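Before any comments, here is the structure.
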Amino acid sequence: MIRTVLLASISLAAATPALAETQAILVGNLIPDAVTGPTGPAVILVEDGRIKDIAQGTSIPFKADAVVDLSTKTVVPGFIDLHVHLTGDPGGDFRDEAVDPDEWGVVMGVKNAALTVKAGFTTVREAGSAQNTAFVLRRGTAEGKIVGPRIVAAGPALSIVGGHADVTGFRKDVLAALDTGYTCTGPVECAEKVRKSSRLGSDVIKITATGGVLSQQGRGLEAHFTDAEMKSIADTAHSLGLKVMAHAHGARGIEAASAAGIDSIEHGTFADEAALKVMKAKGTVLVPTLMALEGVRARLGKGIYTPTVEVKARQALEAAGRQVTRAKAMGVTVAFGTDAGVFEHGSNGKEFALLVKAGLTPTEALASATTVAAKTLGMENEIGKIAVGYSADLVAVRENPLTNISTLENPSWVMVRGRIVP
Numbered sequence: 264m265i266r267t268v269l270l271a272s273i274s275l276a277a278a279t280p281a282l283a284e285t286q287a288i289l290v291g292n293l294i295p296d297a298v299t300g301p302t303g304p305a306v307i308l309v310e311d312g313r314i315k316d317i318a319q320g321t322s323i324p325f326k327a328d329a330v331v332d333l334s335t336k337t338v339v340p341g342f343i344d345l346h347v348h349l350t351g352d353p354g355g356d357f358r359d360e361a362v363d364p365d366e367w368g369v370v371m372g373v374k375n376a377a378l379t380v381k382a383g384f385t386t387v388r389e390a391g392s393a394q395n396t397a398f399v400l401r402r403g404t405a406e407g408k409i410v411g412p413r414i415v416a417a418g419p420a421l422s423i424v425g426g427h428a429d430v431t432g433f434r435k436d437v438l439a440a441l442d443t444g445y446t447c448t449g450p451v452e453c454a455e456k457v458r459k460s461s462r463l464g465s466d467v468i469k470i471t472a473t474g475g476v477l478s479q480q481g482r483g484l485e486a487h488f489t490d491a492e493m494k495s496i497a498d499t500a501h502s503l504g505l506k507v508m509a510h511a512h513g514a515r516g517i518e519a520a521s522a523a524g525i526d527s528i529e530h531g532t533f534a535d536e537a538a539l540k541v542m543k544a545k546g547t548v549l550v551p552t553l554m555a556l557e558g559v560r561a562r563l564g565k566g567i568y569t570p571t572v573e574v575k576a577r578q579a580l581e582a583a584g585r586q587v588t589r590a591k592a593m594g595v596t597v598a599f600g601t602d603a604g605v606f607e608h609g610s611n612g613k614e615f616a617l618l619v620k621a622g623l624t625p626t627e628a629l630a631s632a633t634t635v636a637a638k639t640l641g642m643e644n645e646i647g648k649i650a651v652g653y654s655a656d657l658v659a660v661r662e663n664p665l666t667n668i669s670t671l672e673n674p675s676w677v678m679v680r681g682r683i684v685p
């Protein structure tokens with residue numbers, strides 16, 4: 264059992280956006296980053312949400328207002344999931360979007376944000392939502408109003424007309440009523456939609472570069488945007504200081520998106536040698552989301568998905584995991600993302616074992632969710648390591664994850680931004 268000298272500090276930390284008090288955290292085995300590996304016992308001093316100092320050994324050399332005893336635990340950096348959908352749960356009827364108000368997504372998001380951070384994920388990239396739902400969740404967790412991770416939010420995804428992120432499967436008048444306003448045709452209009460996203464608060468631009476599995480569009484899983492449209496999106500986003508994440512399954516869509524300058528490929532299910540060569544040359548990151556297909560596998564053939572979706576799901580499942588194996592062999596960077604929302608929120612940590620099964624070492628898998636993911640976000644000087652000056656995002660687990668990766672699935676204690684998660 265985790266003991267604290269001042270138990271009241273836990274509830275205070277969870278409820279306030281910044282901490283005036285200092286906390287000394289006794290650590291049994293510190294892993295400051297995946298590559299460094301275990302460094303033994305340590306004491307971490309946390310003040311105002313940041314790591315102020317780190318001392319090796321078991322004695323406390325700092326003056327602190329509170330002491331947290333994790334002397335029987337291994338402590339690692341908080342995990343980063345680069346692909347989540349906090350505002351939805353798996354298995355819902357696609358027709359719900361014609362009934363449920365956008366505000367319902369906030370209710371779901373509050374629930375799922377808490378489940379996510381309790382699973383050790385202290386930063387997430389929200390990969391597509393209604394116009395404002397992810398943005399208000401982002402503010403709520405940042406200000407400590409709700410329990411949850413740091414949120415990097417895309418907002419609505421850009422799509423071709425009738426594409427994966429467009430509304431499909433309804434009659435024409437319903438489609439018009441549900442239109443997100445983020446479809447585009449041609450380089451000029453696509454640039455305009457990037458600027459619109461930026462103006463309304465997006466931290467990253469999400470596009471659906473190919474067809475998708477769970478949407479009702481039945482036009483396969485290959486490229487949707489033209490090369491010129493994707494280059495316009497990438498160039499416009501980069502001019503605004505924003506990165507672009509592209510949902511992409513089909514090989515030629517992956518290749519085209521990478522060539523256009525897109526920063527990360529989400530899913531990458533059918534990535535082949537030609538696509539991965541371009542990814543390697545352009546420095547494009549693969550975010551494989553293997554847990555998404557596990558979520559789909561669990562629901563296939565049970566009347567949950569429409570026939571249109573079932574056909575695409577079976578195609579994707581045949582290739583599950585191969586993109587990671589190929590990417591590693593070709594030197595393409597693999598970063599951690601799960602597509603939580605396609606499966607149950609809070610189960611994100613099961614992605615670690617799937618990555619190892621697909622060929623990553625435990626060290627590489629942990630790095631993918633810490634240092635590599637932080638760099639993918641452009642936040643490598645803020646999160647992803649346990650180091651002085653970094654955000655106090657810490658996770659305690661029972662064993663050394665570099666010898667038992669599955670221990671990351673069930674954290675025993677989590678701190679985000681210096682707040683202990685209740």
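Here our numbering is used: the first residue of the sequence shown is 264, the next is one more, and so on.
Every residue gets a Cβ at the ideal spot worked out from N, C-alpha and C, and that includes glycine.
This one's a predicted model, so the numbers in the text were calculated from it and none came from an experiment.
Fill in: Exposed unless 16 or more other CB atoms sit within 10 angstroms - verdict on Gln319
So Gln319 counts as exposed.
Discussion item. Across the segment 282-291 and the segment 304-315, are there enough close Cβ pairs to call them in contact, namely three or more that are closer than 8 Å?
Written reply: With a cut-off of 8 Å, the segment 304-315 and the segment 282-291 count as touching, because enough Cβ pairs lie within range.
Fill in: Coil, strand or helix - Phe615 by DSSP
Here Phe615 sits in helix by DSSP.
Fill in: Rounded straight-line distance, which links the Cα of Asn395 to that of Ser610
Approximately 25 Å, taken between the alpha carbons.
Worksheet item: From this set, Lys315, Lys374, Ala603, Arg402, which residue's C-alpha is nearest Pro259's C-alpha?
Response: Nothing can be reported for residue 259: it is not among the residues displayed for the chain, which extend from 264 to 685.
Item to complete: Using alpha carbons as the reference points, say which of Asp466, Ser322, Ser465 lies closest to Asp332.
Response: Selected option, being the one with the closest Cα: Ser322.
Item to complete: Report yes or no: do three or more beta-carbon pairs, one from the segment 459-476 and one from the segment 504-519, lie closer than 8 Å?
Response: Yes, they touch.
Worksheet item: If you scan the segment 464-529 from start to end, which runs of the beta strand (DSSP E) of 3 or more residues do you find wholly inside it?
Response: Correct list: 468-471, 507-511.
Item to complete: Apply the 10 Å Cβ neighbour rule to Val595 and answer buried if 16 or more other Cβ atoms are within range, or exposed otherwise.
Response: When all chains shown are included, Val595 counts as buried.
Practice prompt. Quick one: measure Cβ to Cβ for Asp656 and Thr404, integer angstroms, because I've assumed they're closer than 8 Å.
Written response: Incorrect: roughly 12 Å between the Cβ atoms, too far for contact.
Discussion item. Taking the beta carbon of Asp359 as the centre, do at least 16 other beta carbons fall within 10 Å, making it buried, or is it exposed?
Written reply: The residue in question, Asp359, is exposed, as its Cβ has fewer than 16 Cβ neighbours within 10 Å.
Practice prompt. From the DSSP output, read off the bridge partner residues of Arg682.
Written response: As DSSP reads the structure, Arg682 sits in a beta bridge with Val679.
Worksheet entry | Contact under 8 Å by Cβ, Met554 with Thr499 | Taking 8 Å as the Cβ cut-off, Met554 and Thr499 do not qualify as a contacting pair.
Worksheet item: Going along the chain, which residues of its own chain have a beta-carbon closer than 7 Å to the beta-carbon of Thr299, five neighbours each way excluded?
Response: Take Thr299, set aside five residues on each side of it, and no residue of its chain has a beta-carbon closer than 7 Å to its own.
Discussion item. Suppose you measure from the CA of Glu607 to the CA of Lys456; what does that come to, to the nearest Å?
Written reply: Take the alpha-carbon of Glu607 and the one of Lys456: they are about 31 Å apart.
Practice prompt. Determine, using beta carbons only, whether Ala497 and Ala523 come nearer to each other than 8 Å.
Written response: Cβ distance < 8 Å, so Ala497 and Ala523 count as in contact.
Worksheet item: Using DSSP with H/G/I as helix, E/B as strand and the rest coil, what is Leu333?
Response: Strand.
Worksheet item: Are the beta-carbon atoms belonging to Glu406 and Leu349 less than 8 Å from one another?
Response: Against a cut-off of 8 Å, the Cβ pair of Leu349 and Glu406 comes out as no contact.
Fill in: Three-way DSSP call (helix, strand, coil) for Ser669 in this model
Shown here, Ser669 sits in a helix according to DSSP, grouped into three states.
Worksheet item: Taking one C-beta from the segment 511-519 and one from the segment 530-546 each time, how about it: are there three or more such pairs within less than 8 Å?
Response: Taking 8 Å as the limit for Cβ pairs, the verdict is that the segment 530-546 does touch the segment 511-519.
Fill in: Residue span of the alpha helix (DSSP H) that contains Lys565, given as start and end
Premise fails: Lys565 is in no alpha helix (DSSP H) and is neither H nor E.
Fill in: Own chain, CB closer than 7 Å to Glu485, minus 5 neighbours either side, in chain order
Cβ neighbours of Glu485 beyond the five flanking positions: Thr473, Gly474, Gly513, Arg515, Gly516.
Discussion item. To the nearest angstrom, how far is the alpha carbon of Lys545 from that of Ile528?
Written reply: One Cα belongs to Lys545, the other to Ile528, and the distance between them is close to 12 Å.
Fill in: Pick from Glu452, Val424, Ala420, Val437 that is closest to Thr471, judged by C-alpha positions
Of the listed residues, the one whose Cα sits closest to Thr471 is Ala420.
Worksheet item: Taking buried to mean at least 16 other C-beta atoms within 10 Å of its own C-beta, is Val268 buried or exposed?
Response: With a pLDDT of only 35 at Val268, under 50, the local geometry of the prediction cannot be trusted, and the value read off the model is given with reservation. Classification of Val268: exposed, given that the 10 Å Cβ count is below 16.
Discussion item. At 4 residues or longer, what runs of the alpha helix (DSSP H) sit wholly inside the segment 529-553?
Written reply: As far as the segment 529-553 is concerned, its whole alpha helix (DSSP H) runs of at least 4 residues are 536-545.
Worksheet entry | Per-residue DSSP class, three states only, for Val437 | In the structure shown, Val437 sits in a helix (DSSP, three-state: H, G or I).
Worksheet item: Would you say Val410 and Thr448 are within 8 Å of each other, going by their C-beta atoms?
Response: Contact: no.
Discussion item. Helix, strand or coil for Ser422? Go by DSSP, reduced to three states.
Written reply: Ser422: strand per DSSP, three-state reduction.
Worksheet entry | Whole-number beta carbon distance between Ile567 and Gly341, since they are thought to touch under 8 Å | Their Cβ separation, rounded to whole angstroms, is 33 Å, which puts Gly341 and Ile567 out of contact at 8 Å.
Item to complete: Leaving aside the five residues before and after Lys648 along the sequence, list all residues of the same chain whose C-beta is less than 8 Å from its C-beta, in chain order.
Response: So the qualifying residues of the chain are Pro295, Asp296, Pro340, Thr633, Thr634, Ala637.
Discussion item. Quick check on the burial criterion: 16 or more other C-beta atoms within 10 angstroms. Buried or exposed for Asn375?
Written reply: When all chains shown are included, Asn375 counts as buried.
Worksheet item: Straight-line CA distance for Pro685 to Asn673?
Response: Cα to Cα, the separation comes out at about 15 Å.
Discussion item. I'd like the ranges of any beta strand (DSSP E) spanning at least 3 consecutive residues and lying wholly in the segment 345-403.
Written reply: DSSP assignment within the segment 345-403 yields the following whole beta strand (DSSP E) runs of 3 residues or more, N-terminal first: 384-389.
Worksheet item: Does the distance from the CB of Leu671 to the CB of Gly622 come in under 8 Å?
Response: The answer is no: Cβ separation not under 8 Å.
Discussion item. Taking the beta carbon of Arg462 as the centre, do at least 16 other beta carbons fall within 10 Å, making it buried, or is it exposed?
Written reply: Exposed: under 16 other Cβ atoms inside 10 Å.
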